[in-house]
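K.L.:
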Amino acid sequence: MVVQSRGLRDRYCIVGVGETEYSRASGRTTRAMAVEAIRKAILDAGLKAADVDGMLDYQGGDSTLANSVASDLGIRFNFYMDVMGGGSSTEALVGLAMGAIEAGMCNTVAIYRSMNGYSEFRIGGTGARAAQPVRGLDLAQVPYGMRSAGQNFAPTFMRHMYEYGTTSAQVAHVRVTHSKHASQNPKALLKQRVTVQDVLASRWIVKPLHLLDCCLETDNATCVIVTSAERARNLRHRPVYIMGVAGRVSKPRLDFHWAHGPISRVAGYYAKDIIFPQAGIGPEDVHVTGSYDAFTFTTMLQLEEYGFCKKGEGGAYVSSGIIELGGKRPNNTSGSHLCEGYTHGMSMVIENVRQLRGTVDDYCPRAAEGVHTYDYSPGRCRQVKDAEITMNLGWAMPATGSALIMRR
Amino acid sequence: MPQPVQYRGMALIVPDNDSEWKEFYEHARAHRLVVRKCKACGLMRYPPTHACPWCMELGWTWHEVSGSGTIYSYEIVAHAIQPGFKEMTPYAVVLVELDEQRGQPTPDEALRVIANLVKPDFTPEAEANVAIGRRVRVVFQDLADHMALPQFGLTDEPPVGRVWRLPE
Numbered sequence: 000m001v002v003q004s005r006g007l008r009d010r011y012c013i014v015g016v017g018e019t020e021y022s023r024a025s026g027r028t029t030r031a032m033a034v035e036a037i038r039k040a041i042l043d044a045g046l047k048a049a050d051v052d053g054m055l056d057y058q059g060g061d062s063t064l065a066n067s068v069a070s071d072l073g074i075r076f077n078f079y080m081d082v083m084g085g086g087s088s089t090e091a092l093v094g095l096a097m098g099a100i101e102a103g104m105c106n107t108v109a110i111y112r113s114m115n116g117y118s119e120f121r122i123g124g125t126g127a128r129a130a131q132p133v134r135g136l137d138l139a140q141v142p143y144g145m146r147s148a149g150q151n152f153a154p155t156f157m158r159h160m161y162e163y164g165t166t167s168a169q170v171a172h173v174r175v176t177h178s179k180h181a182s183q184n185p186k187a188l189l190k191q192r193v194t195v196q197d198v199l200a201s202r203w204i205v206k207p208l209h210l211l212d213c214c215l216e217t218d219n220a221t222c223v224i225v226t227s228a229e230r231a232r233n234l235r236h237r238p239v240y241i242m243g244v245a246g247r248v249s250k251p252r253l254d255f256h257w258a259h260g261p262i263s264r265v266a267g268y269y270a271k272d273i274i275f276p277q278a279g280i281g282p283e284d285v286h287v288t289g290s291y292d293a294f295t296f297t298t299m300l301q302l303e304e305y306g307f308c309k310k311g312e313g314g315a316y317v318s319s320g321i322i323e324l325g326g327k328r329p330n331n332t333s334g335s336h337l338c339e340g341y342t343h344g345m346s347m348v349i350e351n352v353r354q355l356r357g358t359v360d361d362y363c364p365r366a367a368e369g370v371h372t373y374d375y376s377p378g379r380c381r382q383v384k385d386a387e388i389t390m391n392l393g394w395a396m397p398a399t400g401s402a403l404i405m406r407r
Numbered sequence: 000m001p002q003p004v005q006y007r008g009m010a011l012i013v014p015d016n017d018s019e020w021k022e023f024y025e026h027a028r029a030h031r032l033v034v035r036k037c038k039a040c041g042l043m044r045y046p047p048t049h050a051c052p053w054c055m056e057l058g059w060t061w062h063e064v065s066g067s068g069t070i071y072s073y074e075i076v077a078h079a080i081q082p083g084f085k086e087m088t089p090y091a092v093v094l095v096e097l098d099e100q101r102g103q104p105t106p107d108e109a110l111r112v113i114a115n116l117v118k119p120d121f122t123p124e125a126e127a128n129v130a131i132g133r134r135v136r137v138v139f140q141d142l143a144d145h146m147a148l149p150q151f152g153l154t155d156e157p158p159v160g161r162v163w164r165l166p167e
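As they're listed, the protein sequences go chains A and B.
Under numbering that gives the first Met the number 0, think of the first position of the first sequence as 0, with each following residue one higher.
Under numbering that gives the first Met the number 0, think of the first position of the second sequence as 0, with each following residue one higher.
1) Is TYR117/A close to chain B? Criterion is C-beta to C-beta, closer than 8 Å.
2) For the region 112-140 of chain B, list every residue whose C-beta sits within 7 Å of some C-beta in chain A, in sequence order.
3) With 8 Å as the threshold, decide whether the Cβ of SER72/B is near any Cβ in chain A.
4) Comparing alpha-carbon positions, which option in TYR73/B, LEU57/B and ARG111/B lies nearest LEU208/A?
5) Of the residues SER18/B, TYR24/B and TRP61/B, which one's Cα is nearest the Cα of GLY41/B?
6) If you count every other CB in all the chains shown that lies within 10 Å of the CB of MET55/B, and 16 or more means buried, which is it?
7) For the beta strand (DSSP E) holding ASP81/A, just list the boundary residues, first then last.
8) Taking the alpha-carbon positions, what's the HIS172/B to LYS21/B distance?
9) How is the alpha helix (DSSP H) around ASP43/A delimited, first residue to last?
10) Interface residues of chain A around TRP163/B at Cβ under 7 Å?
11) Give the secondary structure of ALA109/B by DSSP, where H, G and I count as helix, E and B as strand, and everything else as coil.
12) Show which residues of chain B have a CB atom less than 7 Å away from the CB atom of ILE262/A.
13) Along the chain, which unbroken stretches of the beta strand (DSSP E) at least 3 residues long are found entirely within the region 179-224 of chain A?
14) Could you work out which residue in GLU339/A, THR165/A, LYS47/A and THR389/A is closest to ASN184/A when comparing CA atoms only?
15) With respect to the alpha helix (DSSP H) encompassing GLN354/A, which residues constitute its N-terminal and C-terminal limits?
16) How would you call TYR161/A, buried or exposed, if buried means at least 16 neighbouring beta carbons within 10 angstroms?
17) Measure from the alpha carbon of PRO106/B to the alpha carbon of each residue in HIS259/A, ASP71/A and ALA36/A, then state which is nearest.
18) In angstroms with no decimal places, state the Cα-to-Cα distance between TYR143/A and VAL239/A.
19) Does PRO104/B come within less than 8 Å of chain A when only Cβ atoms are used?
20) On the premise that PRO397/A lies in contact with VAL265/A, defined as a C-beta separation below 8 Å, what is that separation, rounded to the nearest angstrom?
21) State the beta-bridge partners of ARG406/A as determined by DSSP.
22) Is MET55/B helix, strand or coil when you go by DSSP?
23) Check whether the Cβ of LEU11/B lies closer than 8 Å to any Cβ atom in chain A.
24) Pull out every residue of the region 201-227 of chain A whose Cβ sits closer than 9 Å to any Cβ of chain B, in chain order.
25) Between PRO276/A and chain B, is any beta-carbon pair separated by less than 8 Å?
26) Only counting the same chain, and skipping five residues up and downstream in sequence, which positions put a Cβ closer than 6 Å to that of MET390/A?
27) With DSSP run on the structure shown, which of helix, strand or coil describes PHE84/B?
28) Considering GLU74/B, what are the terminal residues of the beta strand (DSSP E) in which it resides?
29) Output the boundary residues of the beta strand (DSSP E) element that contains ASN115/A.
30) Checking 8 Å against the spacing of the C-beta atoms, do ILE273/A and ALA245/A come in under that value?
31) Could you give the first and the last residue of the continuous beta strand (DSSP E) run that contains PHE294/A?
32) Would you mind working out which of GLY344/A, PHE307/A and TYR316/A sits nearest ASP414/A, comparing C-alpha positions?
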């Protein structure tokens with residue numbers, strides 16, 4: 000089914016971004032963290048609490064709802080909604096925020112995610128989640144010891160290796176690259192650069208995934224603020240325009256996506272036909288990508304499916320240097336989920352907003368003014384020179400994904 | 000039915016009003032692997048659903064399948080998340096493509112089932128024996144008087160297509 004573009008390109012902007020510290024022991028509630036991240040985003044935008052009249056958030060029973068965090072900040076709603084969801088919700092909620100504003104329901108929407116993803120409800124499933132009773136659709140997998148994200152996704156990567164000859168060493172380059180980027184990021188939890196050999200020598204979690212193929216469970220809250228382009232032009236930063244958005248696009252048979260192959264195909268296969276026509280560009284026009292690196296190989300699958308390389312050539316693409324800072328199309332310049340900290344997709348959108356503003360918060364002394372050295376050696380710069388168009392590739396699982404294209 | 004059924008520290012809950020799974024597990028306890036077959040178009044689907052995903056027909060019947068199939072993909076869990084699986088590591092989770100309805104109604108579709116690859120005593124099959132392309136057959140692990148888990152074991156049949164396992 001063809002989705003008709005509604006002509007909203009460049010009509011909405013992300014005007015504020017904010018996050019808490021990334022840690023493994025926040026020592027406070029998701030409410031406290033959400034308030035901090037939203038407040039930072041409001042101030043970043045140059046707005047007041049009274050200017051924010053919409054709110055969207057997502058969670059999986061592990062966070063605080065909008066009603067309390069908004070009250071903490073003195074925000075009165077014209078629109079709000081709490082959404083059940085994980086990865087790929089970020090881009091989807093940006094689209095829903097545009098829709099709410101377009102419908103005349105509100106003017107400006109703050110989108111947040113707050114979680115104690117390591118110290119309280121571990122995103123990887125260890126602890127409370129593993130102990131939950133098994134019923135309904137979960138009976139098709141969970142009684143077989145298939146519960147965590149890694150366990151749920153690994154057969155997809157295994158089949159890709161079988162079909163295309165993709166290797167562990169190739170996708171290890173995603174970790175290597177993101178660790179390089181994290182070494183330029185003062186916020187990153189893991190700033191140490193790693194090698195392909197480090198990845199391959201790390202212990203197995205669920206074959207074909209090593210420990211270093213997996214992302215990093217983290218405590219944090221994050222926020223982005225969406226408003227109309229007219230309002231954005233009078234705010235603090237240069238506007239970052241939304242060219243296109245696709246939200247929670249799915250493969251057939253979402254109840255059990257294994258039934259509908261090829262299983263090495265992921266949801267971006269469908270999302271690309273929505274987002275590129277909206278934006279009026281193709282993958283070759285994108286300067287910076289933000290993949291959902293829950294795992295190394297998920298980055299590869301997304302880049303393939305959106306056409307940054309041919310299907311089956313993702314292993315070669317991610318190991319070619321193209322995705323590194325200084326390469327043709329850097330990916331996840333903050334170090335993102337694998338190295339910076341796991342945010343359920345928010346931080347890659349925040350990073351791309353900062354890239355487009357030219358004010359990435361690296362180690363350059365005058366980064367906030369947009370003055371960068373473009374020296375990509377450790378502990379230096381991570382600003383991409385003249386980044387004009389970015390694309391985020393959201394992922395919930397192989398069968399569900401989202402995407403967002405922005406420009407400066 | 001007595002609830003819940005305990006298995007490896009998990010509470011498996013299949014209440015009397017579970018209109019997807021209750022009869023599936025009763026058939027499994029009688030050592031029959033069943034799937035739902037559409038009364039209109041005749042296509043089968045798994046897991047149990049309430050309408051035909053191809054023609055939206057509501058009518059269906061349980062249909063017993065042979066339980067023979069081929070490993071389509073797999074994983075080897077080295078680090079168990081669920082406490083009851085820690086003593087089982089490393090264990091294989093296999094995606095089995097059943098012989099019935101392969102490549103129908105479109106070439107990439109098939110009846111596929113997730114389970115563990117086990118030896119006759121239901122302990123995990125040795126990792127060296129787990130590979131895409133190997134032939135398997137359903138076995139039933141009885142958990143209670145009214146419930147059994149379908150699992151899969153290797154057979155001596157020649158493999159289908161290329162046999163492949165993750166390089167060491």
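Every residue, glycine too, gets a C-beta built ideally from N, C-alpha and C.
P.N.:
Based on what the coordinates show:
1) Residue numbering aside, residue 117/A sits at position 118 when the first sequence is read from its first letter. No, no contact with chain B.
2) Those residues of the region 112-140 of chain B that come within reach of chain A (Cβ to Cβ, closer than 7 Å) are ILE113, ALA114, ASN115 and ILE131.
3) By one-based count along the second sequence, residue 72/B stands at place 73. Using a CB distance cut-off of 8 Å, SER72/B counts as an interface residue toward chain A.
4) As a first step, residue 208/A is located in the first sequence; it is residue number 209 there, counting from the start. Looking at the Cα atoms, TYR73/B is the closest of the given residues.
5) Your numbering for residue 41/B matches position 42 in the second sequence. Nearest of SER18/B, TYR24/B and TRP61/B to GLY41/B, Cα basis: TRP61/B.
6) As a working note, residue 55/B is residue 56 in the second sequence. Classification for MET55/B: exposed.
7) Start at 1 with the first residue of the first sequence, and residue 81/A comes out as number 82. That run of the beta strand (DSSP E) goes 78-83.
8) Lying before the first or after the last residue shown, residue 172/B is absent from chain B, which here runs from 0 to 167.
9) Working through the first sequence from its first residue, we reach residue 43/A at position 44. First-last of the alpha helix (DSSP H) with ASP43/A: 29-44.
10) On the second sequence, position 164 is the one that residue 163/B refers to. Simply TYR161.
11) For the purposes of this step, residue 109/B is identified with residue 110 of the second sequence, where counting begins at 1. Three-state result, ALA109/B: coil.
12) Taking the first sequence and counting its residues from 1, one reaches residue 262/A at position 263. For a Cβ distance threshold of 7 Å, residue set SER72 of chain B lies close to ILE262/A, ordered along the chain.
13) Within the region 179-224 of chain A, the complete beta strand (DSSP E) segments at least 3 residues long are 203-206, listed from N- to C-terminus.
14) As a position in the first sequence, residue 184/A is number 185, starting the count at 1. The alpha carbon of ASN184/A has as its nearest neighbour, out of GLU339/A, THR165/A, LYS47/A and THR389/A, the alpha carbon of GLU339/A.
15) Mapped onto the first sequence, residue 354/A falls at position 355. Unbroken alpha helix (DSSP H) run through GLN354/A: 345-356.
16) By one-based count along the first sequence, residue 161/A stands at place 162. TYR161/A should be labelled buried.
17) By 1-based counting over the second sequence, the position of residue 106/B is 107. Nearest in C-alpha terms to PRO106/B, of all of HIS259/A, ASP71/A and ALA36/A, is HIS259/A.
18) Stepping through the first sequence from its first residue, residue 143/A is reached at position 144. Stepping through the first sequence from its first residue, residue 239/A is reached at position 240. Looking at the two C-alpha atoms, the distance is approximately 46 Å.
19) Counted from its first residue, the second sequence places residue 104/B at position 105. Not a single C-beta of chain A is nearer than 8 Å to the C-beta of PRO104/B.
20) Working through the first sequence from its first residue, we reach residue 265/A at position 266. Working through the first sequence from its first residue, we reach residue 397/A at position 398. About 5 Å separates the two Cβ atoms, so the contact holds.
21) Counting from one through the first sequence, the residue named residue 406/A turns up at place 407. Looking at the DSSP assignment, ARG406/A forms a beta bridge with TYR240/A and ILE388/A.
22) Residue 55/B sits at position 56 when you count from the first residue of the second sequence. Coil.
23) Residue 11/B sits at position 12 when you count from the first residue of the second sequence. The Cβ of LEU11/B sits closer than 8 Å to at least one Cβ of chain A.
24) Listed by position, the residues of the region 201-227 of chain A near chain B (Cβ gap below 9 Å) are ARG202, TRP203, ILE204, VAL205, LYS206, PRO207, LEU208 and LEU210.
25) Here residue 276/A refers to the residue found at position 277 of the first sequence. Proximity of PRO276/A to chain B, defined by a Cβ-Cβ separation below 8 Å, is not satisfied.
26) Here residue 390/A refers to the residue found at position 391 of the first sequence. In the same chain as MET390/A, and ignoring 5 residues on each side of it, the C-beta atoms closer than 6 Å to its own belong to VAL285, THR288 and ILE404, in chain order.
27) Here the question's residue 84/B lines up with position 85 in the second sequence. Of the three classes helix, strand and coil, the one that applies to PHE84/B here is helix, per DSSP.
28) What you label residue 74/B is simply residue 75 of the second sequence in a count that begins at 1. GLU74/B -> beta strand (DSSP E) spans 67-76.
29) In the first sequence, residue 115/A corresponds to position 116, counting from 1. Start and end: 107-115.
30) On the first sequence, residue 273/A is found 274 positions in, with the first residue counted as 1. On the first sequence, residue 245/A is found 246 positions in, with the first residue counted as 1. Yes, the Cβ-Cβ distance between ILE273/A and ALA245/A is below 8 Å.
31) Within the first sequence, numbered from 1, the residue matching residue 294/A stands at position 295. Careful: PHE294/A lies outside any beta strand (DSSP E) and carries neither H nor E.
32) Residue 414/A falls outside the range modelled here, since chain A spans only 0 to 407, and no answer is possible.
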